[in-house]
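To start, the structure itself, in structure tokens.
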Amino acid sequence: MGLIDTVTDALAASTQRAPGDAGGDGSEGSYWCDDCTVRVRDVEVDDRGIDRDDDGVPRCPDCGDSMRFERASGSGCAC
Numbered sequence: 003m004g005l006i007d008t009v010t011d012a013l014a015a016s017t018q019r020a021p022g023d024a025g026g027d028g029s030e031g032s033y034w035c036d037d038c039t040v041r042v043r044d045v046e047v048d049d050r051g052i053d054r055d056d057d058g059v060p061r062c063p064d065c066g067d068s069m070r071f072e073r074a075s076g077s078g079c080a081c
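If you're matching positions, the sequence shown starts at 3 in this note's numbering and goes up one per residue.
Structure below.
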């Protein structure tokens with residue numbers, strides 16, 4: 003069973019990511035506007051020129067309300 007175990011371990015390792023590295027680009031999650039259903043990845047906020055409130059939380063580009071941060075979990079995206 004050595005070959006099967008080796009292949010299984012290799013496949014499992016290829017799908018694992020470090021915590022906080024959901025997209026491989028340093029992203030830790032996304033900001034959401036619950037009212038507008040707008041989603042902006044944390045690494046895109048500054049690139050898109052999105053305004054922030056006094057606490058540094060991004061404002062929704064559609065309605066201007068402060069957005070909620072949702073941390074990415076697992077090996078998938080924060081969608």
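Where a beta carbon is used, it is the ideal one built from N, C-alpha and C, also for glycine.
Note that the structure is predicted; figures quoted are calculated from it, not measured.
#1: For V45, which three-state DSSP category applies?
#2: Thinking C-alpha only, which one of D53, G31, D49 is nearest R73?
#3: For E56 versus V45, is the C-beta distance shorter than 7 Å?
#4: For G4, name the three-state secondary structure that DSSP assigns.
#5: In chain order, what residues of the same chain have a beta carbon less than 8 Å from the beta carbon of R61, not counting five sequence neighbours either side?
With the structure as the only source:
#1: Mapped onto the sequence shown, residue 45 falls at position 43. In this structure, V45 counts as helix in the three-state DSSP scheme.
#2: Residue numbering aside, residue 73 sits at position 71 when the sequence shown is read from its first letter. Closest by alpha carbon: G31.
#3: Residue mapping note: residue 56 aligns to position 54 of the sequence shown, counting from 1. Residue mapping note: residue 45 aligns to position 43 of the sequence shown, counting from 1. Position check: residue 56 holds Asp in this sequence, whereas Glu was assumed. Against a cut-off of 7 Å, the Cβ pair of V45 and D56 comes out as no contact.
#4: Translated into positions along the sequence shown, residue 4 becomes position 2. Assigned with DSSP and collapsed to three states, G4 falls in helix.
#5: Looking up residue 61 in the sequence shown gives position 59. Here the set comprises I52, D53, R54, D55, D67, S68, M69.
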